[in-house]
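In terms of this note's numbering, the sequence shown opens at residue 1 and continues consecutively.
Even for Gly, the Cβ is constructed at its ideal location relative to N, Cα and C.
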Amino acid sequence: MSSQLIGLGDDSFIVAVYVAKAPPMPYFETLAQLEPVVSGQINSINQHCGNGWRKVFNVYAKVLFALPSEYYAFAKQAKSWQAYRDELLLQKHNGTALLFSAPVLTEHKNQLHIIAGRTHAKNLIQQGKLNAQLDWLDDEFAIDKSQNIIVCPYFDYRQLSNIKIARLSELVAQLRII
């Protein structure tokens, strides 16, 4: 099992979202670690990679804003989810990460691991890259309370609607990660 995190964000994250593939850009072909985004990088990804990646970043910011405020301060750090996305998402010392590698589960119980997409979660397990006891709540959501893992629909408006974002927030509240 690889123990190297590859993606964008803060290496001291408290919320990590795992997606199956990195944006199709030369920069990501050689990325071999977790790196914070630099100013304008999210916008550059959106411009080069299209609407799908714009949705990933938008939904990520909306999810953070919907998390229980008694456990997470993301909604208190910016005036809107849009401002949060543009100014703070995946920055150094921000507590968030978007990972293209398998989860590295540690003893740090203060980390939330969100796997975007049922197929991605099942592939990670099948490939031996994720050892989790997922309790499938329905066709879209699963939870492993002992390891703070939640599987939800992919970060796209059609798959993870506002109603489903609210459900994800309720599942996060069950974990009570502080």
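Buried versus exposed call for residue i [16 or more other C-beta atoms within 10 Å across all chains shown]
i: R158; result: exposed
i: I163; result: exposed
i: S101; result: buried
i: A142; result: buried
i: D144; result: buried
i: H48; result: exposed
Whole-angstrom C-beta distance between residue j and residue i, which should lie under 8 Å
i: A116; j: L134; result: Actually they are not in contact, since the Cβ atoms of A116 and L134 sit about 14 Å apart, beyond 8 Å.
i: L67; j: F57; result: Their Cβ separation, rounded to whole angstroms, is 16 Å, which puts L67 and F57 out of contact at 8 Å.
i: V104; j: L8; result: Actually they do not touch by this definition, with Cβ atoms about 16 Å apart.
Between the CA atoms of residue j and residue i - distance to the nearest angstrom
i: Y154; j: Q127; result: 19 Å
i: E140; j: S44; result: 31 Å
i: A32; j: S69; result: 33 Å
Residue from the options whose Cα sits closest to the Cα of residue i
i: M25; options: A16, D86, Q174, I42; result: I42
i: S169; options: L88, L64, T96; result: L64
i: Q91; options: E35, D138, H48; result: E35
i: V172; options: I14, L8, D86; result: I14
i: N148; options: T106, S39, R85; result: T106
i: Y84; options: Y71, Y60, S69, E70; result: Y60
Residues of its chain near residue i, where Cβ-Cβ distance is below 8 Å and the 5 sequence neighbours each way are ignored
i: K62; result: W81, N162, I165
i: V19; result: V56, L98, L99, F100, A116, G117, H120, Y154, F155
Proximal residues to residue i (C-beta, below 6 Å), its chain only, five neighbours per side dropped
i: G183; result: Past the boundaries of the shown model lies residue 183; the chain is included only from 1 to 178, so the question cannot be answered.
Spatial neighbours of residue i in its chain, beta-carbon cut-off 7 Å, leaving aside the 5 residues before and after
i: L137; result: I143
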